[in-house]
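Here numbering that gives the first Met the number 0 is used: position 58 in the sequence shown is 57, and no number is missing along the way.
For reference, the structure discussed in these notes is given below.
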Amino acid sequence: MTTARPKPVKRPRGEGQWAPGYREPLNANEQSKKDDNPLNVRARIENIYAKNGFESIDKGDL
Numbered sequence: 000m001t002t003a004r005p006k007p008v009k010r011p012r013g014e015g016q017w018a019p020g021y022r023e024p025l026n027a028n029e030q031s032k033k034d035d036n037p038l039n040v041r042a043r044i045e046n047i048y049a050k051n052g053f054e055s056i057d058k059g060d061l
């Protein structure tokens, strides 16, 4: 009679979700946002995106 070995427990992969504790950026775009002052995001939204519409959003911001 052979004994079946238990399968190793598969750890969940981090998907960049802040709530579960994944704080590291997943790509270069997220890294630049992390390094930038958070208030600059608001300024971009108010001064560029709100006035010029969706097409004015840099592809790196999507």
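For each residue, glycine too, the CB sits at the ideal point set by N, CA and C.
| task | Helix, strand or coil for N51, going by three-state DSSP, please let me know. | result | helix
| query | Mind checking whether S55 and I44 have CB atoms under 8 Å apart? | reply | Not in contact: S55 and I44 (Cβ atoms no closer than 8 Å).
| For the alpha helix (DSSP H) that Q30 lies in, which residues bound it at each end? | If you look at Q30, you'll find it in the alpha helix (DSSP H) that goes A27 to D34.
| said: At the level of alpha carbons, what is the spacing between L25 and G15? | reply: Taking C-alpha positions only, L25 is separated from G15 by approximately 6 Å.
| request: Measure the alpha-carbon distance for K50 versus N39 and round it to whole angstroms. | output: 16 Å
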